[in-house]
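If you want the working numbering, it's the 1-based position in the sequence shown plus 197. All C-beta atoms, glycine included, are put in the ideal place defined by N, C-alpha and C.
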Amino acid sequence: MRGRSVRKTERSGGGEEALRLTRCAGTWLAEPPDGAEEQRIAEAAHVLKEQRAQATAFYRDPVAARAFSIKLFRDERFAPLHFGDALVEKMIAQCGEPPVVTAETEEQFSNYLRDAILVVALPNTRRLLAAQLRRMLPAYVAAGQWQEAIAIDHNAFRTSLGTEVTPFLAHMALAGLAAYYEEHEA
């Protein structure tokens with residue numbers, strides 16, 4: 198393990214690292230999942246595989262899938278997953294203050310957000326955020342909200358393994374920035 202930092206974190210979500218990285222304090226997402234919850238997540242993922250035709254249709258139009266995902270992650274149920282102060286402060290320390298958004302600076306802000314996310318979205322952080330997102334899956338599968346469940350599963354997968362800025366990461370960072378400035382400039 199030469200040259201690598203090994204940290205003990207809750208690989209399946211919750212715990213101290215989740216409290217530090219997100220705004221999940223005081224919610225069910227602050228606690229690590231127990232065996233029963235992990236079983237529900239696994240069962241939901243298994244049931245979701247039966248929706249292959251809907252998943253294929255979802256992936257076929259990446260622009261529509263991205264737009265749907267962004268709209269989904271604006272829902273208040275995902276608020277506990279917004280980036281916490283630790284991630285936002287690291288974004289600001291590495292990339293500076295975000296530019297003020299105007300019609301002329303919209304692209305500049307998008308570039309800032311992408312770069313800032315890539316600074317903080319390291320492999321362990323990605324895995325933890327994806328694990329936290331997957332914890333939402335059973336509720337959507339149980340409700341038969343297949344497109345939402347597919348979007349959650351897809352974003353969790355892309356977040357955990359990729360180096361891209363997924364719609365999930367983009368909205369969690371944006372909402373985290375907004376909450377940070379709202380709290381610290383009040």
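- Per DSSP, the beta-bridge partners of residue 280 are 219.
- By the Cβ neighbour-count rule, residue 320 is exposed, with fewer than 16 other Cβ atoms within 10 Å of its own.
- The residues 278, 279, 280, in chain order, have a CB closer than 6 Å to that of residue 369 in the same chain once the five nearest residues on each side in sequence are set aside.
- Counting only the Cα atoms, residue 258 lies some 22 Å from residue 311.
- It is roughly 38 Å from the alpha-carbon of residue 245 to the alpha-carbon of residue 378.
- Contact between residue 249 and residue 335 does not hold, since the beta-carbon distance rounds to 19 Å and is not under 8 Å.
- Excluding the 5 residues flanking it on each side, residue 324 has same chain C-beta neighbours closer than 6 Å at 357, in chain order.
- Residue range 320 to 331 is occupied by the alpha helix (DSSP H) that includes residue 320.
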